[in-house]
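There are 2 protein chains.
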Amino acid sequence: MNEIELAPDLLSVVVARTLAEEHVADIVETLNEQDSATIAHILQELPFERAVEVLDQPELADAAEALALLPEDRAGAFLTAMSADRAADVFQDFDDETRQRLSARLDRQTRTDLGKLLAYPEHSAGSIMTTEFVSVPSTWTVQQTLDYIRRVERSRETVYAIYVLDPATKKLVRAVSLRRLISGDPAAPVESVVPAHKPITVTPEVDREDVARLITKYDLLSVPVVDAEDRIIGIVTFDDVIDAMIAETTEDVQKLGGMEALDEPYNEIGFLAMIRKRAGWLSILLLGEMLTASAMQFFQTELEKAIVLTLFIPLIMSSGGNSGSQATSLIIRALALREITLKDWWRVILRELPSGLVLGSILGAIGIVRIALWQWLGFYDYGPHWMLIAATVGGALIGIVTFGSMMGSMLPFLLKRAGFDPASASAPLVATLVDVTGLVIYFGVAALILSGTLL
Amino acid sequence: MNEIELAPDLLSVVVARTLAEEHVADIVETLNEQDSATIAHILQELPFERAVEVLDQPELADAAEALALLPEDRAGAFLTAMSADRAADVFQDFDDETRQRLSARLDRQTRTDLGKLLAYPEHSAGSIMTTEFVSVPSTWTVQQTLDYIRRVERSRETVYAIYVLDPATKKLVRAVSLRRLISGDPAAPVESVVPAHKPITVTPEVDREDVARLITKYDLLSVPVVDAEDRIIGIVTFDDVIDAMIAETTEDVQKLGGMEALDEPYNEIGFLAMIRKRAGWLSILLLGEMLTASAMQFFQTELEKAIVLTLFIPLIMSSGGNSGSQATSLIIRALALREITLKDWWRVILRELPSGLVLGSILGAIGIVRIALWQWLGFYDYGPHWMLIAATVGGALIGIVTFGSMMGSMLPFLLKRAGFDPASASAPLVATLVDVTGLVIYFGVAALILSGTLL
Chain A
1 MNEIELAPDL LSVVVARTLA EEHVADIVET LNEQDSATIA HILQELPFER
51 AVEVLDQPEL ADAAEALALL PEDRAGAFLT AMSADRAADV FQDFDDETRQ
101 RLSARLDRQT RTDLGKLLAY PEHSAGSIMT TEFVSVPSTW TVQQTLDYIR
151 RVERSRETVY AIYVLDPATK KLVRAVSLRR LISGDPAAPV ESVVPAHKPI
201 TVTPEVDRED VARLITKYDL LSVPVVDAED RIIGIVTFDD VIDAMIAETT
251 EDVQKLGGME ALDEPYNEIG FLAMIRKRAG WLSILLLGEM LTASAMQFFQ
301 TELEKAIVLT LFIPLIMSSG GNSGSQATSL IIRALALREI TLKDWWRVIL
351 RELPSGLVLG SILGAIGIVR IALWQWLGFY DYGPHWMLIA ATVGGALIGI
401 VTFGSMMGSM LPFLLKRAGF DPASASAPLV ATLVDVTGLV IYFGVAALIL
451 SGTLL
Chain B
1 MNEIELAPDL LSVVVARTLA EEHVADIVET LNEQDSATIA HILQELPFER
51 AVEVLDQPEL ADAAEALALL PEDRAGAFLT AMSADRAADV FQDFDDETRQ
101 RLSARLDRQT RTDLGKLLAY PEHSAGSIMT TEFVSVPSTW TVQQTLDYIR
151 RVERSRETVY AIYVLDPATK KLVRAVSLRR LISGDPAAPV ESVVPAHKPI
201 TVTPEVDRED VARLITKYDL LSVPVVDAED RIIGIVTFDD VIDAMIAETT
251 EDVQKLGGME ALDEPYNEIG FLAMIRKRAG WLSILLLGEM LTASAMQFFQ
301 TELEKAIVLT LFIPLIMSSG GNSGSQATSL IIRALALREI TLKDWWRVIL
351 RELPSGLVLG SILGAIGIVR IALWQWLGFY DYGPHWMLIA ATVGGALIGI
401 VTFGSMMGSM LPFLLKRAGF DPASASAPLV ATLVDVTGLV IYFGVAALIL
451 SGTLL
């Protein structure tokens with residue numbers, strides 16, 4: 001063995017000994033700064049249980065790469081010992097060759113579990129659930145249940161919810177919390193401490209966002225996932241849901257910014273991948289915005305007669321985009337929180353129409369004052385018809401802000417209705433949609449007010 | 001008693017009987033559709049324990065209004081029985097008169113606890129913590145601890161984390177989970193089952209976002225809040241943190257949309273309150289955007305000579321805003337997730353500068369092709385110098401998209417450095433800041449390329 005290979009090994013031993021005492025989340029943070037070869041070395045040097053704990057953290061970024069570098073029997077042992085949902089995530093990150101190589105090293109039970117988990121669609125309850133939960137037949141006593149929990153505690157993701165099954169059909173009949181269980185009479189049947197109601201359940205196809213909503217609404221530690229026959233096949237725990245919520249928020253904020261969701265941390269995604277995620281929407285928006293050039297060509301006679309009108313084009317167009325952006329983010333969030341649903345679209349119109357008119361009037365007034373001030377103070381001479389120009393700008397602002405609010409609030413509804421994510425109604429998309437109409441409104445108001453004088 | 005008063009009472013009795021069997025979160029949903037008088041009636045008719053459970057839900061919107069309508073002794077009893085953190089929230093919503101009236105009805109302990117909770121700054125750990133937790137002296141045995149938990153279980157928000165105190169100093173020394181506790185030998189001291197490390201703690205001033213980060217990072221059910229002497233004064237539980245995360249996301253999305261955070265659901269906030277939250281930023285942005293009018297006045301000679309240039313103003317300005325909006329939302333989210341910190345600003349520049357140049361070149365190429373196509377196909381005649389005009393548009397797009405990416409990515413850093421919320425770097429704000437410079441870049445490139453021909 002040459003020195004270059006020896007060095008990381010020695011280092012790994014030292015690092016592993018130091019790390020073994022740390023909190024697992026801090027170990028992960030340290031490992032995330034290393035390359036996958038170093039991570040693999042350290043995982044081998046850590047005590048086995050500790051290494052499994054580390055691998056179980058979804059925050060460990062290069063887990064798949066590191067496991068692929070380990071001897072097959074060790075990697076197989078790790079994957080078998082890891083929680084099933086996390087092992088499935090890691091499996092998804094393997095290349096085909098590694099997946100086949102390591103799959104052969106798993107025991108049959110683990111292989112079957114993984115196969116099932118991997119078959120569920122992305123972002124579904126099935127894909128984030130774990131199969132390590134506590135279930136007992138309803139015929140057991142409280143004491144039997146507690147003894148069982150003590151035995152399996154270390155191999156279960158949570159023992160705070162105990163699922164009580166019908167002994168004959170294996171159907172899920174009740175869920176009881178550990179806190180209620182320990183308060184019960186040990187000799188009494190477990191059925192004596194269960195609540196009166198059936199637990200809230202989801203099917204594996206349910207979207208993770210809806211699972212998050214249930215966990216939040218009912219303040220649950222976990223939600224059982226059941227099959228068509230009401231048999232429990234896994235649970236989704238609150239920490240999986242928190243992770244899912246953070247990921248969803250990141251996606252939404254990036255979509256709101258007018259791009260595709262990165263799906264990777266900003267400082268880890270490759271340069272070309274990032275360009276791809278951004279260039280698509282930028283190009284589409286540019287193509288849409290080209291309609292403004294066509295609209296301007298259409299109004300060219302007006303422009304040439306009253307070049308003073310061009311001065312206010314950016315100001316007027318951006319106000320429409322801004323009010324649209326406000327309305328869009330309000331509605332996207334209200335839809336996400338289920339404060340409003342698709343059928344409330346007309347309520348929103350009844351709200352946004354007067355809002356737009358009031359906001360537009362405020363901006364219109366500011367615009368008129370600005371032009372009047374500049375004229376009086378002699379900063380700029382808008383000519384003899386400056387009052388009509390001010391009226392045009394003010395009137396256009398009312399029209400455009402109202403139109404922007406309507407457009408911005410309806411776009412998320414339209415997208416959702418068409419089956420898209422309402423969060424794709426980004427501020428840039430709304431602004432682009434409002435811009436062309438904004439020009440038409442502006443020149444329309446100008447034609448109305450200025451015809452016979454400037455036009 | 002006349003019929004009008006009788007009717008809601010009778011109704012409340014019926015409704016209360018039906019609701020008593022429902023899940024508490026569903027009762028809250030039903031109550032949220034009623035007015036506060038009806039809620040008050042129903043609360044009185046529900047079994048006491050059930051009513052307290054309902055009042056303990058932060059989702060019950062009109063809890064303060066309903067309590068204010070109840071007889072004082074009943075309201076006082078409810079407030080005393082409610083969890084301390086929730087009672088403090090409700091107290092904050094009372095008007096001064098009700099606060100004083102009901103404060104007199106509380107027992108001394110509750111009054112002191114509430115006073116302390118209300119003194120913590122908004123959004124701090126102290127303001128969302130509960131004082132109902134389980135702590136035991138380190139001299140107790142596992143059995144003593146379990147017996148104690150059984151006794152107090154119903155009055156504690158969570159019993160899954162047990163805090164072990166030094167019997168002399170009352171300092172927090174360890175935290176142990178209930179799952180580990182029940183696995184221990186009942187006769188052994190509780191110290192035999194505690195982990196080797198001190199628990200993760202926060203002080204009451206810590207922001208709720210940082211508490212959320214700790215709970216997420218370390219997969220905790222609750223975090224203890226300690227005073228300067230390391231004595232535990234409360235705990236923040238994961239469900240408080242989920243609620244806080246949802247509220248923070250709502251604030252961020254609304255700020256990103258270019259407005260103040262509503263702080264109330266869209267369908268509940270008053271019309272004028274909403275106008276106020278939106279009009280402020282719209283007006284500021286309009287005032288900022290007025291600089292574009294000044295910039296255009298400055299370039300008026302160029303505009304008059306080459307009116308064809310005005311056709312592309314909206315297109316060019318919006319592209320700068322769009323690329324800025326992308327960069328801003330990327331950086332806001334990366335900062336929120338701590339993927340990058342303030343000191344990484346130069347790393348971001350090194351990333352955004354080439355990104356901007358590549359994205360700008362893509363858009364520039366599209367712009368040039370568009371102009372060339374229209375010219376060749378005869379859709380529009382840009383005159384004999386159409387190639388130079390195309391080059392101007394292409395060059396300006398490269399400059400503006402690069403500038404937009406830089407501006408959009410640096411603004412969140414600048415805001416954070418100055419002590420503001422980086423999420424205030426909204427898409428509309430970035431667009432407005434980029435617009436004025438965008439015009440200068442456009443006319444600068446035009447002067448360079450077109451001087452001697454069109455200009």
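These protein sequence lines are chains A and B, in that order.
Using the UniProt record's numbering, you'd call the opening residue of the first sequence number 1 and step up by one each time.
Using the UniProt record's numbering, you'd call the opening residue of the second sequence number 1 and step up by one each time.
Yeah, the Cβ is synthetic: ideal placement off N, Cα and C, and Gly gets one too.
Exposure label - residue i; buried when at least 16 CB within 10 Å
| i | result |
| --- | --- |
| residue 416 of chain B | buried |
| residue 199 of chain B | buried |
| residue 443 of chain B | buried |
| residue 277 of chain A | buried |
| residue 452 of chain A | exposed |
| residue 147 of chain B | exposed |
| residue 369 of chain B | exposed |
| residue 7 of chain A | In this prediction, residue 7 of chain A has a pLDDT of 49, which is less than 50 and means its spatial position is unreliable; nothing more can be read from the coordinates. |
Residue i vs residue j beta-carbon contact at 7 Å
| i | j | result |
| --- | --- | --- |
| residue 404 of chain A | residue 320 of chain A | yes |
| residue 407 of chain A | residue 324 of chain A | yes |
| residue 28 of chain B | residue 79 of chain B | no |
| residue 436 of chain A | residue 395 of chain A | no |
| residue 322 of chain A | residue 282 of chain B | yes |
| residue 204 of chain A | residue 173 of chain A | no |
| residue 222 of chain A | residue 161 of chain A | yes |
| residue 55 of chain A | residue 63 of chain A | yes |
| residue 125 of chain B | residue 241 of chain B | no |
| residue 296 of chain B | residue 397 of chain A | no |
| residue 249 of chain A | residue 249 of chain B | yes |
Pairwise C-alpha distance: residue j and residue i
| i | j | result |
| --- | --- | --- |
| residue 461 of chain A | residue 430 of chain B | Examination of residue 461 of chain A is not possible in this model, given that chain A is present from 1 through 455 alone. |
| residue 234 of chain A | residue 132 of chain A | 7 Å |
| residue 364 of chain A | residue 90 of chain A | 57 Å |
| residue 4 of chain A | residue 210 of chain B | The predicted model places residue 4 of chain A with a pLDDT of 37, which falls under 50 and marks its position as unreliable; any figure quoted below should be read in that light. Roughly 41 Å between the two C-alpha positions. |
| residue 1 of chain A | residue 76 of chain A | Below a pLDDT of 50, predicted positions are generally treated as unreliable, and residue 1 of chain A, at 34, falls in that range; the measurement from the model is reported next regardless. So the two alpha carbons sit approximately 26 Å from each other. |
| residue 428 of chain B | residue 339 of chain A | 25 Å |
| residue 121 of chain B | residue 440 of chain A | 50 Å |
| residue 315 of chain A | residue 367 of chain A | 9 Å |
| residue 163 of chain A | residue 270 of chain B | 45 Å |
| residue 189 of chain B | residue 45 of chain A | 33 Å |
| residue 518 of chain B | residue 165 of chain B | The displayed coordinates of chain B run from 1 to 455. Any statement about residue 518 of chain B would go beyond what the structure contains. |
Other residues of its chain near residue i: CB distance less than 6 Å, five sequence neighbours each side excluded
| i | result |
| --- | --- |
| residue 252 of chain A | 423 |
| residue 208 of chain A | 123, 128 and 244 |
| residue 299 of chain A | 443 |
Among the options, the one whose alpha carbon lies nearest that of residue i
| i | options | result |
| --- | --- | --- |
| residue 187 of chain B | B/140, B/163 and B/155 | B/140 |
| residue 178 of chain B | B/22, B/158 and B/378 | B/158 |
| residue 191 of chain B | B/143, B/221, B/149 and B/446 | B/143 |
| residue 293 of chain A | B/290, B/313 and B/57 | B/313 |
| residue 384 of chain A | A/437, A/450 and A/327 | A/450 |
| residue 352 of chain B | B/399, B/369 and B/366 | B/399 |
| residue 425 of chain A | B/349, B/256 and B/269 | B/256 |
| residue 360 of chain B | A/332, A/346 and A/279 | A/279 |
| residue 101 of chain A | A/71, A/260, A/286 and A/322 | A/71 |
| residue 345 of chain B | B/411, B/220, B/97 and B/194 | B/411 |
| residue 456 of chain B | B/170, B/96, B/85 and B/93 | Shown here, chain B extends from 1 to 455; a query on residue 456 of chain B therefore has no answer. |
Close beta carbons around residue i, own chain, < 7 Å, minus the five adjacent residues each side
| i | result |
| --- | --- |
| residue 69 of chain B | 36, 37 and 40 |
| residue 382 of chain B | 308, 371, 375 and 389 |
| residue 348 of chain A | 331, 340 and 409 |
| residue 98 of chain A | 68 |
beta-carbon residue i near the ligand ATP non-hydrogen atom, thresh 6 Å
| i | result |
| --- | --- |
| residue 237 of chain A | The ligand ATP is absent from the structure shown, which contains no ligand whatsoever. |
Cutoff 8 Å; reference residue i; Cβ partners in own chain excluding five residues on either side
| i | result |
| --- | --- |
| residue 330 of chain A | 409 |
| residue 107 of chain B | 80 |
| residue 334 of chain B | 340 |
| residue 193 of chain B | 142, 176, 180, 181, 183 and 184 |
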